[in-house]
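For the sequence shown, the positions run -25 to -1, 1 to 297 when mature numbering (1 follows the signal peptide of the UniProt record, and there is no 0) is used. All C-beta atoms, glycine included, are put in the ideal place defined by N, C-alpha and C.
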Amino acid sequence: MMKWIRRVGLTLGITVGLVLGGCQASAPSRATSSSQATSSQMTDSQTTSSQVATASGTTLTGNHQQTYQQLAQLTYQSGQPAAIKVNSGKSTLAASQWKNSKIDYGQLDRLNRTTTDTAYLSRANLGKSAGRTAQNWQPTGWHNQPIKVNGKRVYPQNRGHLIAYTISFNLTSSGQYRSGEAGSLDNPKNLATQTAYSNQQTMQIYEEQVRNALAQGKKVIYQVTTVFRGNELMPRGYWSQAVSTDGTVNFNVYIWNVEPGVQFDYATGRGHADAQLQVAGADRVTSSANTSSNRNQQNSTTKQVERELYKYGTKLLKKAFD
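What follows is the structure, encoded as structure tokens:
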């Protein structure tokens, strides 16, 4: 495996759309009712064929529900990429489905977990504010526990938005267009327990593609699905994909819900320090930008993460709009 990683690092020009170096599939299990509930909320345009590479290099192909179940069975391995490509990195969303700005928020499942949110966005949905109101909703698996890692106190969990706050303006809590509405902040259907690293670094790479496209006046369909294994309360990962109506934005990735230096029990969401848990060369403590001293500051390490993802085998999708 290490020889393979070195080869990827040296061969930067090679397209690596089917890389899954950081994962392995566990023993197959029956589809849970929660997985089925999640998949049943997908629209017809989302049930097209998808692919995800296994650790052995074999490509699994199936519809949206089958791909969800395949992703749910994958287990992150320490030191591997923070994200992998699904369907060779190409979205299965249909750009023709964009009609007007809105967000289709998936219903919470029987365990009160988020499912799938699909946003149909334009420049009107961009926004920011000087301050944000408090978040009170506690998503499943949420503990907000500080953990001491390498002598530093860190907060490894965030209330992670499926559809980012800054791209959800002028939309009501039910996702309908209404001018003057602030961004989605404390909507239970749009919040899940996400690691600080996954939320503030890895996911930012793909959210920035959407934000940049909207700023350029493009229209984008952006979909995020929280992937749970069985009845676990904390997602194993975030399945994120987007397509713009002009085709310049097109990605499909699975973002691991992991934190350097912390091991989580996904059944409960509780974590403990584990110095052996590494993420694609990231610094074990400061990479989360979530220590008690700077947890309220703006994260500015996206370019560092892009370099790490490229080095370890995930193509930099941000180049699509540079």
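query                                                                                                                      : result
Unbroken stretches of the beta strand (DSSP E), 3 residues or longer, contained in the region 183 to 268                   : 195 to 202, 212 to 219, 225 to 231, 237 to 240, 245 to 248
Beta carbon proximity, His39 to chain C, threshold 7 Å                                                                     : Checking the listed chains, one finds no chain C in this structure; it contains a single protein chain.
The region 226 to 241 touching the region 116 to 131, judged by at least three CB pairs closer than 8 Å                    : yes
Residue nearest to His247 in terms of C-alpha spacing, selected from Asn125, Asn227, Ser143                                : Asn125
CB-CB length for Gly54 against Thr168, believed under 8 Å                                                                  : Incorrect: roughly 23 Å between the Cβ atoms, too far for contact.
Where Lys164 sits in the DSSP three-state scheme                                                                           : helix
Limits of the unbroken alpha helix (DSSP H) element including Tyr43                                                        : 39 to 47
Segments assigned beta strand (DSSP E), at least 3 residues, entirely inside the region 48 to 105                          : 49 to 51, 58 to 60, 77 to 80, 91 to 96
Residue nearest to Thr170 in terms of C-alpha spacing, selected from Asn187, Pro131, His136                                : Pro131
When Leu96, Trp214, Glu234 are compared against residue 317, the one with the closest alpha-carbon                         : Residue coverage of the chain in this structure runs from -25 to 297, which leaves residue 317 outside it and unanswerable.
Exposure of Asn62, with buried meaning 16 or more beta-carbon neighbours within 10 Å                                       : buried
Closest by C-alpha distance to Asn133, when choosing among Ala70, Ala255, Val233                                           : Val233
Exposed unless 16 or more other CB atoms sit within 10 angstroms - verdict on Gly222                                       : exposed
Cut-off 8 Å between Cβ atoms - residues of its own chain near Val224, not counting five sequence neighbours on either side : Gln184, Val185, Ala188, Lys193, Val195, Ala217, Val218, Ala295, Phe296
Residues near Gly155 by beta carbon distance below 8 Å, same chain, minus five either side                                 : Asn145
Spatial neighbours of Asn210 in its chain, beta-carbon cut-off 6 Å, leaving aside the 5 residues before and after          : It should be noted that the sequence gives Pro, not Asn, for residue 210. For Pro210, where only same-chain residues beyond five positions count, the Cβ hits under 6 Å are Ala167, Thr201, Val202, Phe203, Asn232.
Beta-bridge partners of Thr170, as assigned by DSSP                                                                        : Gln132
Close-in-space but distant-in-sequence residues of the same chain around Gln251 (CB under 7 Å, 5 per side omitted)         : Ser53
Neighbour-count burial assignment, Asn174, 16 or more Cβ in a 10 Å radius                                                  : buried
Backbone CA spacing between Asp92 and Gly158 [nearest angstrom]                                                            : 15 Å
Beta-carbon proximity of Pro163 to Trp112, cut-off 7 Å                                                                     : yes
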